[in-house]
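Residue numbers (this note's numbering): 868 to 1014.
A virtual CB, placed ideally from N, CA and C, is assigned to each residue, including glycine.
Report on one structure; see the data block that follows.
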Ligand code: RTP
Ligand code: MG
């Protein structure tokens, strides 16, 4: 079963959007296998966003993601990586469709509420950066055959 790493960024945590975001993925039918409120170190942020290290916004991105707690999550389900990206909406909230998380709650590209892995390789890498095996819970739901 596919897993993805989702992270409510400091803006989403401080705007009290944890419940709203978690609720969307729960109602969709995905399974939460790990979650924690945590403050990301500069080193971890730089590792997580390594693909952007040459981009002009890299410093601001690292400063922002380390500026306050994030809500780190691992979700499981069929096609969860791409479906979560669809539910998040475009990177720039100005381009994100209404009904998506960024379309409904974001305004600025830097403060776009949520991060989500963009491929199976990214998901495996990011999950291992933020979670240990012991922090992840594999379980079958009785209702799993319905969704
Ligand atoms: P994420 O990695 O956070 O899920 O977002 P994404 O895949 O949709 O976007 P990505 O291209 O990976 O960019 C990572 C994050 O960098 C910030 N960003 N700032 N100032 C800018 O022009 C700019 N461009 C991107 C965004 O917060 C984006 O989510
Ligand atoms: Mg990305």
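- Using a cutoff of 7 Å, the CB of residue 962 does not count as near ligand 2, since none of the ligand's heavy atoms is closer than that.
- Remark: C-beta atoms of residue 959 and residue 976 approach each other more closely than 8 Å.
- Beyond the five residues adjoining it in sequence on each side, residue 912 comes within less than 6 Å, by CB distance, of 929, 932, 933 in the same chain, given in chain order.
- By the beta-carbon neighbour count (other beta carbons within 10 angstroms, threshold 16), residue 940 is buried.
- Only buried fits residue 877, as 16 or more other CB atoms lie within 10 angstroms of its CB.
- Distance from the C-beta of residue 929 to the nearest heavy atom of ligand 1 is not below 7 Å.
- If you look at residue 951, you'll find it in the alpha helix (DSSP H) that goes 947-955.
- Fewer than three Cβ pairs drawn from the stretch 899-907 and the stretch 952-966 lie within less than 8 Å of each other, which leaves the two stretches out of contact.
- Contact between residue 968 and residue 980 holds: CB atoms are separated by about 6 Å, below the 8 Å threshold.
- Residue 983: member of the beta strand (DSSP E) spanning 981-983, first to last residue.
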